[in-house]
């Protein structure tokens, strides 16, 4: 069954397309830095936009109208509960907005730490993914 993009996803794809060479001012070069907890929402939005059209996200959230909201929520939960406390979240900051994000997992994170992160994120994942998928995640 073909997956159709939501209107929000289609607008984001349109916005991401590059202007013709020589027609636009060069944007400031983004600087990589650690993300702040207050930036979880921005990180989630950047990741949501980066994964537009991703087959896994499309299959996970088949309703094109709900996909942007639910994918953003999934990335926010992962960022806030799993990566910020246990690893590293870096952003590419242009000075006025976050243009990119990377979620890194620290090697050797103790299993109990990962388990506690999963337990803290479980209620949010139930809301985002539904009960069945969230129980599989834990």
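In the numbering used here, the protein residues as written are -15 to 122. A virtual CB, placed ideally from N, CA and C, is assigned to each residue, including glycine. These numbers were taken from a predicted model, which means no experiment stands behind them.
For residue i, the first and last residue of its enclosing beta strand (DSSP E)
i	result
residue 18	15 to 18
Whether residue i touches residue j by CB criterion (8 Å)
i	j	result
residue 103	residue 62	no
residue 25	residue 60	yes
residue 79	residue 18	no
residue 84	residue 14	yes
residue 32	residue 52	yes
residue 89	residue 70	yes
residue 68	residue 112	no
residue 16	residue 74	yes
residue 105	residue 66	yes
Per-residue DSSP class, three states only, for residue i
i	result
residue 84	strand
residue 120	Caution is warranted here: a pLDDT of 47 is assigned to residue 120, below 50, making its placement in the model unreliable, and the coordinate value is therefore given only provisionally. The answer is helix: DSSP assigns residue 120 an H, G or I state.
residue 9	coil
residue 42	helix
residue 76	strand
residue 64	helix
residue 106	helix
residue 114	coil
Host alpha helix (DSSP H) of residue i (start-end)
i	result
residue 60	51 to 61
residue 26	24 to 34
Burial state of residue i (16 or more Cβ within 10 Å)
i	result
residue 72	exposed
residue 64	buried
residue 40	exposed
residue 20	exposed
residue 10	exposed
residue 81	exposed
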